[in-house]
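**Q**
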């Protein structure tokens with residue numbers, strides 16, 4: 001899953017649609033539409049970029065950020081901590097393993113994409129990936145192409161899935177010393193959110 005293409009495979013449908021729009025506008029000499037299409041194409045390519053990432057710190061006890069975004073909430077649990085991360089359109093949508101994991105079980109709950117509904121927590125589609133040390137829940141809000149990749153062994157920072165626009169909840173089990181705080185902007189596979197003790 002660690003391919004190094006410039007943009008993610010989840011962007012291909014949007015690129016195709018924008019390409020059709022640009023050709024259509026160019027064919028009918030609609031220069032403003034062509035200009036808007038080119039701007040949209042550049043924005044789409046930037047939003048779906050696929051950068052290589054290396055963690056700022058190394059070690060088996062670190063917990064990396066699973067996705068780009070900002071931390072909106074941190075809940076203390078009986079057996080660990082739950083970190084809520086808001087993900088925007090221009091944040092890199094690749095989900096990365098926060099720690100090394102030998103087994104990853106994946107499940108999906110079908111649902112709606114009701115972004116503005118007060119019931120979106122219970123009605124929306126959600127995807128879950130669970131390991132011995134952590135659990136990641138993807139709550140997409142607009143796009144349906146969210147997914148986890150194959151349930152195989154991953155190292156910390158490896159690509160394990162994709163989500164664009166929504167919220168990610170990451171539960172880390174065990175005694176963890178938090179480094180990141182609410183409001184911090186984080187980068188997947190680079191930012192260290194905490195240390196396991």
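Residue numbers (the UniProt record's numbering): 1 to 197. Where a beta carbon is used, it is the ideal one built from N, C-alpha and C, also for glycine.
Alpha carbon to alpha carbon, what distance is there between residue 193 and residue 179?
**A** For residue 179 and residue 193, the distance between alpha carbons rounds to 5 angstroms.
**Q** Which residues mark the beginning and the end of the beta strand (DSSP E) in which residue 72 is found?
**A** Start and end: 69-77.
**Q** By Cβ distance, which residues of its chain are closer than 7 angstroms to residue 79, with the 5 residues on each side in sequence left out?
**A** Counting only Cβ-Cβ distances below 7 angstroms, and skipping sequence neighbours, we find 173.
**Q** Once the 5 residues before and after residue 175 are set aside, which same chain residues still bring their CB inside 6 angstroms of it?
**A** 197, listed in sequence order.
**Q** Could you give the residue range of the beta strand (DSSP E) that holds residue 36?
**A** Here residue 36 belongs to no beta strand (DSSP E); instead the alpha helix (DSSP H) covers 31-47.
**Q** By a C-beta neighbour count over all protein chains shown, 10 Å radius and 16 as the cutoff for buried, is residue 169 buried or exposed?
**A** Classification of residue 169: buried, given that the 10 Å Cβ count is 16 or more.
**Q** For residue 6, which option in 195, 61, 51 and 64 has the closest C-alpha, if you only look at C-alpha atoms?
**A** Among 195, 61, 51 and 64, the Cα nearest to that of residue 6 belongs to 51.
**Q** With DSSP as the reference, please indicate the residues paired to residue 108 in a beta bridge.
**A** Looking at the DSSP assignment, residue 108 forms a beta bridge with 127.
**Q** Measuring CB to CB, does residue 188 end up less than 8 angstroms from residue 68?
**A** Going by C-beta atoms, residue 188 is nearer than 8 angstroms to residue 68.
**Q** Give the DSSP-derived three-state secondary structure of residue 169 in the structure shown.
**A** Here residue 169 sits in strand by DSSP.
**Q** CB residue 111 to CB residue 124, shorter than 8 angstroms?
**A** Going by C-beta atoms, residue 111 is nearer than 8 angstroms to residue 124.
**Q** So residue 148 and residue 161 are supposed to be a Cβ contact under 8 angstroms. How far apart are they, rounded?
**A** So it is a contact: roughly 4 angstroms between Cβ atoms.
**Q** Can you tell me where the alpha helix (DSSP H) with residue 23 in it begins and where it stops?
**A** Where residue 23 is concerned, the enclosing alpha helix (DSSP H) stretches over 12-27.
**Q** Under the three-state reduction of DSSP, which class applies to residue 86: helix, strand or coil?
**A** It is a strand residue.
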